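Visitor: Quick note on numbering: my numbering labels position 244 of the sequence shown as 260, and the sequence is numbered without any gaps.
Glycine included, every Cβ here is placed at the ideal spot set by N, Cα and C.
A quick note: this is a predicted structure, and the numbers were derived from the prediction, not measured.
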Amino acid sequence: MTGAWPDPLSLYGELMPASFLEPIDWTAPWLGPYLDTGRPIAESPDWRAALNRAAQQGQLVNFQGSPIQFVSQESLPDGEPYEAHIGRTGCVPTRENLHDFFNALVWLTFPQTKARLNELQFNQLQSELEVQPAGSSYRVGNRRGALRDAATIFDENSALLIALDGEVPDALVARHWSEVFLERRDDFGRLYDVLLFGHALMEKLVKPYASITAHCFPLIGRDLPIPCSTAGARAQLDQLARSQLSPATSTSSFFPVPVLGFPGWHEGQDQMFYANEDVFRVVKRKKASG
17 MTGAWPDPLS
27 LYGELMPASF
37 LEPIDWTAPW
47 LGPYLDTGRP
57 IAESPDWRAA
67 LNRAAQQGQL
77 VNFQGSPIQF
87 VSQESLPDGE
97 PYEAHIGRTG
107 CVPTRENLHD
117 FFNALVWLTF
127 PQTKARLNEL
137 QFNQLQSELE
147 VQPAGSSYRV
157 GNRRGALRDA
167 ATIFDENSAL
177 LIALDGEVPD
187 ALVARHWSEV
197 FLERRDDFGR
207 LYDVLLFGHA
217 LMEKLVKPYA
227 SITAHCFPLI
237 GRDLPIPCST
247 AGARAQLDQL
257 ARSQLSPATS
267 TSSFFPVPVL
277 GFPGWHEGQD
287 QMFYANEDVF
297 RVVKRKKASG
C-alpha cells in the first residue's frame, strides 16, 4: 500500500460547530465582555473540549480546589443535586443547549463568584442532608429558603451594576427610567456600567424582547473600573462580587431593571420607549385611606 493514511475527518465529513450555538449574535452589546472568550469556543468543532481547554488555561477550580471540568449531563449521578456534584467533584454537568453553554461561559469569566455561589449552595444542601436519616440519599425540600433563593436568582438572572456612587442605583430602584436612561444617557460607560451574569438572562437575550428584566446586583465604589471592557477590570469585579456574597445574602439584595433600557441596547430609545409602563413599570402610589 502506498501513500499516506487518509485524514479521518474525510471519512466522516468535516466537523462543524454545534448548530444550537448558531443563533448567538456576538455583536450584541451585552455580549461584549464574553466575545473574546465565547466566540472561538462557539465556533469550535468540539465546543465542550474548547470549554475545558479554556478552564484548564485559566486554572479554574471550585471552592474546594478541584479543577472545573465541563462534562455531559449523564455524568451527574442519580439523586445527587447539581450544586452538590459541582462542589464535591468540580465537574459541571453541561447539556448541549444555550442555557448551559452560557453557564459555562460565566464560569470562565467570573470563576471566583461562580465558585462562591456554588459554595453557598453546597453548604446549605449539606446542612439539609445532615438532618436526614443516616445513609439516606439526598432529599431536597421544595422550599429553597432565603439563601438558596438569592443564590439561584444571582446565578440565573442577575446583572452586575457597577457605579462610582449610589446615585444611579438609587434612581433605578426608584424607577426613574427617563432620568437615568435619557437625561443621564452619557453617564453610561463613564459613571456606571453593567455586566450580565445570569446565564438564563443571557439565554433569553438570544431572542431579545423589550420586557426582559434583570435582577441587578449593585457594586459601588469610586475606585471601580468603568467601563468594564478589559479582562483585568472583570477580574477585579469578580473578586468584589465574590466578597459580597455571604450566607446573609437575600433576594432584597437585588432590584429589577428592564435590561434593554440601557443606552444602546435597543433601537428607538426615545421618550415614548421609556414611557411604556408595561415594560418600564412605575412605583405604585399607595391609596389614601378614607
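#1: Within 10 angstroms of the Cβ of V275, are there 16 or more other Cβ atoms? Answer buried if so, exposed if not.
#2: Inspect the beta-carbon positions of A226 and V299 and report whether they are closer than 7 Å.
#3: Count the other CB atoms within 10 Å of the CB of K223; is the residue buried (16 or more) or exposed (fewer)?
#4: Which full runs of the beta strand (DSSP E) of 3+ residues lie inside the segment 69-114, going along the chain?
#5: Helix, strand or coil: how does DSSP classify P234 here?
#6: Just how far apart, CA to CA, sit Q148 and P45?
#7: Could you work out which residue in T229, L211, Q85 and S269 is closest to A251 when comparing CA atoms only?
#8: Checking 7 Å against the spacing of the C-beta atoms, do N10 and I102 come in under that value?
#9: My output table needs one value for A291: the three-state DSSP class, helix, strand or coil.
#10: In the DSSP assignment, what residue or residues form a beta bridge with A179?
#11: Distance check for V196 and D286, CA to CA, integer angstroms please.
#12: Quick one: is P185 buried, meaning 16 or more other Cβ sit within 10 Å of its Cβ, or exposed?
#13: Figure out for me which residue from D203, R164 and L136 has the closest Cα to the Cα of L180.
#14: Starting from F36, follow the alpha helix (DSSP H) in both directions and report where the run begins and ends.
#15: Answer with buried or exposed for Q85, where buried requires no fewer than 16 other C-beta atoms within 10 angstroms of its C-beta.
#16: By DSSP, does S269 sit in helix, in strand, or in coil?
#17: Assign S259 to one of three DSSP states: helix, strand, or coil.
#18: Can F138 and E99 be called in contact, C-beta distance under 7 Å?
#19: Using C-beta distances below 6 Å, list every residue in its chain close to H231, excluding the 5 sequence neighbours before and after it, in chain order.
#20: Given a threshold of 16 other Cβ atoms within 10 Å of its Cβ, counted over all protein chains shown, does W42 qualify as buried or as exposed?
#21: When DSSP labels each residue in this structure, what does S194 get in the three-state scheme?
Guide: In this structure, then:
#1: buried
#2: no
#3: exposed
#4: 85-87 and 107-109
#5: strand
#6: Residue confidence is low: Q148 scores 49 on pLDDT, short of 50, so the model does not pin down where it sits. Its coordinate-derived value is still stated next. Between Q148 and P45, the C-alpha separation is close to 47 Å.
#7: L211
#8: The question about residue 10 has no answer, for the chain in this structure spans 17 to 306.
#9: coil
#10: Y208 and I236
#11: 12 Å
#12: buried
#13: D203
#14: Note, F36: premise wrong, no alpha helix (DSSP H); not H, not E.
#15: buried
#16: helix
#17: helix
#18: yes
#19: I169, N173, S174 and F270
#20: exposed
#21: helix
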